[in-house]
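Residue numbers for the sequence shown follow this note's numbering, so the first one is 34 and each next one is one higher. Built from N, CA and C at the ideal position, the CB exists for glycine as well. Since the model is a prediction, treat every value here as computed from it, not as a measurement. Here is the structure we will look at.
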Amino acid sequence: MQMADAIRIVRLEHATGLSIPVRMTPGSSGCDICAAVSEDIIIMPGERVLVPTGFCFEIPIGYEIQIRPRSGLAIKHGITVLNAPGTIDADYRGEVKIILINSGSADFKICRGDRIAQLVIAQVAHNTIFIEADEMESTSRGSGGFGHTGM
Numbered sequence: 034m035q036m037a038d039a040i041r042i043v044r045l046e047h048a049t050g051l052s053i054p055v056r057m058t059p060g061s062s063g064c065d066i067c068a069a070v071s072e073d074i075i076i077m078p079g080e081r082v083l084v085p086t087g088f089c090f091e092i093p094i095g096y097e098i099q100i101r102p103r104s105g106l107a108i109k110h111g112i113t114v115l116n117a118p119g120t121i122d123a124d125y126r127g128e129v130k131i132i133l134i135n136s137g138s139a140d141f142k143i144c145r146g147d148r149i150a151q152l153v154i155a156q157v158a159h160n161t162i163f164i165e166a167d168e169m170e171s172t173s174r175g176s177g178g179f180g181h182t183g184m
């Protein structure tokens, strides 16, 4: 995908009047996407919801769209993408819906047109295969896992 490449988008009827995903600044990695809800949704603390966006995407083979939280919603309200980053595969053609969870302490209201997540286009290695082996080359880290550097 080159700089001038485009991803085709189909707007579903319930997204009428909503903005297509857009970068809020020229240097933004992600494009904000809005809620295509017909009525407000209240997410109670600890609750998760599936929020429609009203858009389908034609993603080129070799790419994916990653669904990521918006940092402002996360820090101010505890609203995040539950399976972050969510993955939209190149061969999926249905409506993109966002799984949000309220990890905050207060109810949170989502209204039509609210920016609820961001989409990041990422290249995916499709020519990689897995080969079973009896052993692996060693590294200085070895099998050190969580906290292996002292954090």
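Quick one: what does DSSP say Ala37 is sitting in, helix, strand or coil? Confidence at Ala37 is low in this model, with a pLDDT of 48, below 50, so its placement is unreliable and no value can be given for it.
Enumerate in chain order the residues of its own chain whose CB-to-CB distance from Ala155 is below 8 Å, with the five nearest sequence positions on each side excluded. Tyr96, Glu97, Ile98 and Gln99
Which whole-angstrom value describes the C-beta separation of Met77 and Asn160, a residue pair presumed to lie in contact below a C-beta threshold of 8 Å? 45 Å between Cβ atoms; not a contact.
Which full runs of the beta strand (DSSP E) of 3+ residues lie inside the region 59 to 118, going along the chain? 64 to 67, 74 to 76, 81 to 85, 88 to 91, 96 to 101 and 112 to 114
Cβ-based neighbour list, Leu51, same chain, cut-off 7 Å, excluding 5 preceding and 5 following: Cys67, Ala69, Gly87 and Gly146
Evaluate Val43 with the Cβ neighbour count: other Cβ atoms within 10 Å of its Cβ, from every protein chain shown; 16 or more gives buried, anything less gives exposed. It is exposed - the Cβ of Val43 has fewer than 16 other Cβ atoms within 10 Å.
Put Ala48 into one of helix, strand or coil per three-state DSSP. DSSP places Ala48 within a helical segment (H, G or I) once states are collapsed to three.
What whole-angstrom Cβ distance do Leu133 and Val114 have, given they're in contact under 8 Å? 6 Å
Exposed or buried, which one is Gln151 when buried takes at least 16 other CB atoms within 10 Å? So Gln151 counts as buried.
Alpha carbon to alpha carbon, what distance is there between Glu168 and Gly111? Those two C-alpha atoms are separated by around 43 Å.
C-alpha gap between Thr172 and Glu165, whole angstroms: 19 Å
Helix, strand or coil at Asn135 [DSSP, three-state]: strand
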